[in-house]
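Trainee:
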Amino acid sequence: MSAAPKPEILAAFEAAKGFMPVGEGLALYAAAVEAGRLGLPLLEVGTYCGRSTILLADAAREAGVSALTVDHHRGSEEQQPGWEYHDPATVDPEIGLMDTLPTFRRTLHGAGLEEHVVALVGRSPRIAAFWRTPLGFVFIDGGHTDEHATADYEGWAPHVAEGGLLLIHDVFPDPQDEFTGQAPYRVYLRALASGAFTEVSATDSLRVLRRTGPGI
Ligand SMILES: C[S@@+](CC[C@H](N)C(=O)[O-])C[C@H]1O[C@@H](n2cnc3c(N)ncnc32)[C@H](O)[C@@H]1O
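In this text, residue positions in the sequence shown follow this note's numbering: the first is 3, and each later residue adds one.
Following this line, the structure appears as structure tokens:
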């Protein structure tokens, strides 16, 4: 049976600002617990306000590893003012730009999980460029343009250890269903075509792949 979060963790996840539905959250948590058994850090690209991070942090705590979460905290294209997913409460009034870092910190503190998370603040490719540590789990939930989704894959997938998991969010094979473009779907197809990753499960738009070969 796959691992499920304790009621207080699930409640904190549900109360947190963010974009992940509960069904996908449960699949994310189960995958993170499984990957945690490798004893390597769990990494996410796309922190936003910490909703999915809560689940990774709790899985990391269970496994005795760290959850790492990457975001510049200035929001994706579709979260900017005037776009469908914009939340005015995320704008720093002093500089007029989005800043989701304070909400993220409050969210993780409130859930009692701050200790288990390392926030990496900056552009994903810039951080990935000097990354050298093998990872047991990489969850890609950052920018949805081809440029960003491809850079996330090329920057982080090489660090997924043998037997580790690569998760991709917002995979919509049918263009009718997509809302921010099909770049994550193209990245998912590329990962499968590489021969380096094998699909483990699909839960709505969340795909879980396992590294079963070298390369990306
Ligand atoms: C869809 S949200 C993440 C949602 C979050 N996982 C949740 O559960 O609510 C995408 C996030 O990716 C971040 N982002 C987009 N492109 C990025 C990049 N190139 N580098 C770092 N962060 C990026 C945005 O700032 C935004 O917070």
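The C-beta atom is built at its ideal place from N, Cα and C for all residues, glycine as well.
(1) Would the C-beta of Tyr50 count as close to ligand 1, meaning under 7 Å from any of its heavy atoms?
(2) According to DSSP, is Phe15 helix, strand or coil?
(3) Residues in its own chain within less than 6 Å of Ile11 by CB, not counting five upstream and five downstream?
(4) Determine the extent of the alpha helix (DSSP H) in which Gly38 is found, giving its start and end residues.
(5) Count the other CB atoms within 10 Å of the CB of Trp158; is the residue buried (16 or more) or exposed (fewer)?
(6) Just confirm the distance between the C-beta atoms of Gly138 and Leu44, as a whole number of angstroms; I'd bet it's less than 8 Å.
(7) Pull up the CB-CB distance for Asp73 and Tyr50, whole angstroms please, since I reckon it's below 8 Å.
(8) Is it the case that the region 199 to 216 contacts the region 20 to 31, given that we only count it when at least three CB pairs across the two stretches are under 8 Å?
(9) Helix, strand or coil, according to DSSP, for Ala153 in the structure here?
(10) Examine the Cβ distances between the region 135 to 153 and the region 91 to 106 and report whether three or more of them are shorter than 8 Å.
(11) Taking Tyr168 and Phe199 to be in contact with their CB atoms under 8 Å, please state how far apart those CB atoms are, rounded to whole angstroms.
(12) Looking at Val67 and ligand 1, is the gap between the Cβ and the nearest heavy atom below 7 Å?
(13) Look at the Cβ atom of Pro186, then the Cβ atom of Ala151, and state whether they are nearer than 8 Å.
(14) Is any non-hydrogen atom of ligand 1 found closer than 7 Å to the C-beta of Ser126, if you look at the structure I gave you?
(15) What does the alpha-carbon distance come out to for the pair Ala65 and Ala163?
(16) Going by DSSP, name the residue or residues bridged to Glu201.
Mentor: Taking the coordinates as given:
(1) To locate residue 50, count along the sequence shown from 1; it is residue 48. Under cutoff, so the answer is yes.
(2) Taking the first residue of the sequence shown as 1, we reach residue 15 at position 13. DSSP places Phe15 in helix when its eight states are reduced to three.
(3) The residue you call residue 11 lines up with position 9 of the sequence shown. Same-chain partners within the cutoff: Asp60.
(4) Locating residue 38 in the sequence shown gives position 36, counting from the first residue. From DSSP, the alpha helix (DSSP H) with Gly38 extends over Val24 to Gly38.
(5) Walking along the sequence shown from the start, residue 158 turns up at place 156. It counts as buried.
(6) As a position in the sequence shown, residue 138 is number 136, starting the count at 1. As a position in the sequence shown, residue 44 is number 42, starting the count at 1. Rounded, the Cβ-Cβ distance is 6 Å, consistent with contact.
(7) Looking up residue 73 in the sequence shown gives position 71. Looking up residue 50 in the sequence shown gives position 48. 7 Å between Cβ atoms; contact.
(8) yes
(9) In the sequence shown, counting from the first residue as 1, residue 153 sits at position 151. In this structure, Ala153 counts as helix in the three-state DSSP scheme.
(10) no
(11) By 1-based counting over the sequence shown, the position of residue 168 is 166. By 1-based counting over the sequence shown, the position of residue 199 is 197. According to the sequence displayed, residue 168 carries Leu and not Tyr. 6 Å between Cβ atoms; contact.
(12) Working through the sequence shown from its first residue, we reach residue 67 at position 65. Answer for Val67: no, Cβ out of range of ligand 1.
(13) Within the sequence shown, numbered from 1, the residue matching residue 186 stands at position 184. Within the sequence shown, numbered from 1, the residue matching residue 151 stands at position 149. Yes, these two residues count as a Cβ contact at 8 Å.
(14) Translated into positions along the sequence shown, residue 126 becomes position 124. Ser126 Cβ: within cutoff of ligand 1.
(15) Residue mapping note: residue 65 aligns to position 63 of the sequence shown, counting from 1. Residue mapping note: residue 163 aligns to position 161 of the sequence shown, counting from 1. Computed Cα separation, rounded: 16 Å.
(16) Counting from 1 along the sequence shown, the entry for residue 201 is found at position 199. For Glu201, which the question treats as bridged, DSSP gives the partners Leu211.
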